[in-house]
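Participant:
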Amino acid sequence: MRKTLRVAATALARALHWAGLQHSASWRMAVFDAAPKGSVLISQRGQETYLVSSGDQAIARELYVRGQFDFEKFEKVMRLLGPTSKPGLLLDIGANIGCICIAAVKRGLFEKALAFEPESFNYSLLAANIHLNGLASRIEARHMALGARDGEQLVFELSKDNYGDHRVSLGTEDGRFGEARRERTVVRCESLDSQIGGEQQGCLIWMDTQGFEGYVLQGAARTLKGRPPLVVEFWPYGMQRNRSYEVLKQAILESGYTHFHDLELDAGPVPVSEAAFDAVWQRLGVDGRFTDLLIQ
């Protein structure tokens with residue numbers, strides 16, 4: 011069936027002119043879905059160029075079809091930070107294949123970035139994409155997870171079809187996403203404080219670690235003293251599995267942050283408190299919904 015679809019797609023492209031079809035989202039979706047699983051495709055739909063895997067039905071598919079993933083959210087964060095912010099260094103924690111840090115630097119929103127990605131295949135595409143976009147002098151990629159302590163070895167569970175949902179595994183119990191059947195590997199883990207040497211001026215921390223965010227912040231106490239803006243995924247399901255929610259709240263409260271924006275809503279700033287975070291948790295529930303918080 012896939013071979014038949016590829017033949018038909020090729021014939022149609024020749025008939026209707028390939029250059030025009032490249033700009034059709036429906037066409038690009040059909041090409042992506044017809045590709046053999048695990049093929050590496052090149053996405054040049056937007057301002058950036060990415061190598062993506064057809065095995066990833068989430069971030070890679072969106073990049074191939076639309077040319078960007080989650081960047082509207084990033085631009086919203088920049089608007090909320092305001093024109094007086096002086097962005098220098100973007101810390102992209104859980105960088106995947108680079109769809110945030112590459113676009114942020116290439117479009118001139120940040121001078122440079124430091125990107126952390128623990129999973130080997132994602133990291134290989136991240137490194138390649140940095141070079142493809144001519145950003146090797148401005149983005150540094152590091153092949154590791156971040157957590158509470160240096161020198162840890164963490165068990166990582168791999169999703170078969172969502173390469174953005176590879177995550178730290180603290181148990182083998184099954185859940186909503188077939189976790190018990192996932193392949194597991196071991197990844198290196200260091201603390202953020204040891205990686206960047208403490209407090210940074212003009213820094214934005216962008217973090218999506220699938221429920222592990224609390225432990226990352228626990229290992230960033232020196233960095234957080236300067237209260238750099240944080241964007242963290244807030245995913246009750248993942249935090250419940252990793253038992254990280256209380257750790258997340260403690261790290262933010264102890265660092266002196268004063269307010270946050272729920273990026274799913276347009277409700278304005280919310281004062282930081284344990285009760286305010288609990289209210290977000292209760293709104294989302296533990297069935298899989300998530301949001302992102304800009305914490306300042």
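Using my numbering, read the sequence shown as starting at 11 and increasing by one per residue.
For each residue, glycine too, the CB sits at the ideal point set by N, CA and C.
May I have a chain-ordered list of the alpha helix (DSSP H) segments no shorter than 4 residues that lie completely inside the region 130-193?
Facilitator: Fully enclosed alpha helix (DSSP H) runs of 4 or longer: 130-142.
Participant: Are Phe79 and Leu73 close, meaning C-beta to C-beta below 8 Å?
Facilitator: The answer is yes: Cβ separation under 8 Å.
Participant: Report the residue ranges of all alpha helix (DSSP H) runs contained in full by the region 46-111; include only those spanning at least 4 residues, in chain order.
Facilitator: Within the region 46-111, the complete alpha helix (DSSP H) runs of at least 4 residues are 69-76 and 81-91.
Participant: Helix, strand or coil for Glu284 per DSSP?
Facilitator: The answer is helix: DSSP assigns Glu284 an H, G or I state.
Participant: Apart from the five residues on each side of it in sequence, which residues of its chain come closer than 8 Å, Cβ to Cβ, to Leu26?
Facilitator: Bear in mind that a pLDDT of 47 at Leu26, under 50, signals an unreliable position, so the model cannot answer this.
Participant: Suppose contacts are defined by Cβ-Cβ distances below 8 Å. Is Ser254 in contact with Gly224 by that definition?
Facilitator: Cβ distance < 8 Å, so Ser254 and Gly224 count as in contact.
Participant: Based on the DSSP output, what are the partners of Lys122 in its beta bridges?
Facilitator: Lys122 is bridged to Leu99.
Participant: Can you check which of these residues, Asn132, Val290 and Glu162, is closest to Tyr60 by C-alpha distance?
Facilitator: The shortest Cα separation from Tyr60 among Asn132, Val290 and Glu162 belongs to Asn132.
Participant: With a Cβ-Cβ cutoff of 8 Å, do Tyr266 and Ala158 count as a contact?
Facilitator: Residue 266 is actually Gly in this sequence, not Tyr. It is not a contact, given that the beta carbons lie outside the stated cut-off.
Participant: Figure out for me which residue from Leu273, Tyr247, Asp272 and Val242 has the closest Cα to the Cα of Ala261.
Facilitator: Out of Leu273, Tyr247, Asp272 and Val242, Val242 has the C-alpha closest to the C-alpha of Ala261.
Participant: Three-state secondary structure (DSSP) at Val296?
Facilitator: It is coil, neither helix nor strand.
Participant: Since Asp302 is in the beta strand (DSSP E), which residue starts that stretch and which ends it?
Facilitator: Its beta strand (DSSP E) spans residues Thr301 to Ile305.
Participant: Taking Leu135 and Ala125 to be in contact with their CB atoms under 8 Å, please state how far apart those CB atoms are, rounded to whole angstroms.
Facilitator: Incorrect: roughly 12 Å between the Cβ atoms, too far for contact.
Participant: Hey, could you find the ends of the beta strand (DSSP E) Leu308 is sitting in?
Facilitator: With the chain covering 11 to 306 only, the question about residue 308 has no answer from this structure.
Participant: At which residues does the alpha helix (DSSP H) containing Glu256 begin and terminate?
Facilitator: Start and end: Tyr255 to Ser265.
Participant: Within the continuous alpha helix (DSSP H) that includes Glu223, where are the two ends?
Facilitator: Where Glu223 is concerned, the enclosing alpha helix (DSSP H) stretches over Glu223 to Gln228.
Participant: Let's test the definition: count the other Cβ atoms within 10 Å of the Cβ of Asp302 and tell me whether it reaches 16, buried, or not, exposed.
Facilitator: That one is buried.
Participant: Go ahead and label His141 buried or exposed: buried means 16 or more other beta carbons lie within 10 angstroms of its beta carbon, across all protein chains shown.
Facilitator: Under this definition His141 is an exposed residue.
Participant: Suppose contacts are defined by Cβ-Cβ distances below 8 Å. Is Trp216 in contact with Leu91 by that definition?
Facilitator: Against a cut-off of 8 Å, the Cβ pair of Leu91 and Trp216 comes out as no contact.
Participant: Leaving out five residues before and five after Arg71 in sequence, what residues of the same chain have Cβ atoms less than 6 Å from its Cβ?
Facilitator: Counting only Cβ-Cβ distances below 6 Å, and skipping sequence neighbours, we find Phe42.
Participant: Helix, strand or coil for Leu26, going by three-state DSSP, please let me know.
Facilitator: With a pLDDT of 47 at Leu26, under the threshold of 50, the predicted position of this residue should be treated as unreliable, though the coordinate-derived value follows. Helix, per DSSP.
Participant: When DSSP labels each residue in this structure, what does Arg117 get in the three-state scheme?
Facilitator: In this structure, Arg117 counts as coil in the three-state DSSP scheme.
Participant: Can you have a look at Trp28 and say buried or exposed, based on whether 16 or more other CB atoms are within 10 angstroms of its CB?
Facilitator: Note that Trp28 scores a pLDDT of 49, beneath 50, so its modelled location is shaky and nothing firm can be said.
Participant: I need the boundaries of the alpha helix (DSSP H) containing Asp43, first residue and last residue.
Facilitator: It spans Ala35 to Ala44 - the alpha helix (DSSP H) in which Asp43 sits, taken as one unbroken run.
Participant: Starting from the Cα of Met88, find the closest Cα among Ala277, Ala286, Arg293 and Leu273 and give me that residue.
Facilitator: When only C-alpha atoms are compared, the closest one is Leu273.
Participant: Per DSSP, Glu243 is paired with what?
Facilitator: DSSP lists Asp302 as partners of Glu243.
Participant: Where does Thr195 sit, in a helix, a strand or coil, going by DSSP?
Facilitator: Note: Thr195 maps to strand in three-state DSSP.
Participant: Lys2 to Val280, Cα distance in whole Å?
Facilitator: As shown, the chain starts at 11 and ends at 306. That puts residue 2 outside it, with no answer to give.
Participant: Looking at the C-beta of Ala40, does it have a partner C-beta in chain C at a distance below 8 Å?
Facilitator: Among the chains in the structure shown there is no chain C, since it carries only a single protein chain.
Participant: Measure the alpha-carbon distance for Phe250 versus Ala190 and round it to whole angstroms.
Facilitator: According to the sequence shown, residue 250 is Gln rather than Phe. Rounded to the nearest angstrom, the two C-alpha atoms are 16 Å apart.
Participant: DSSP on Asp276, reduced to helix/strand/coil?
Facilitator: The answer is coil: DSSP assigns Asp276 none of H, G, I, E or B.
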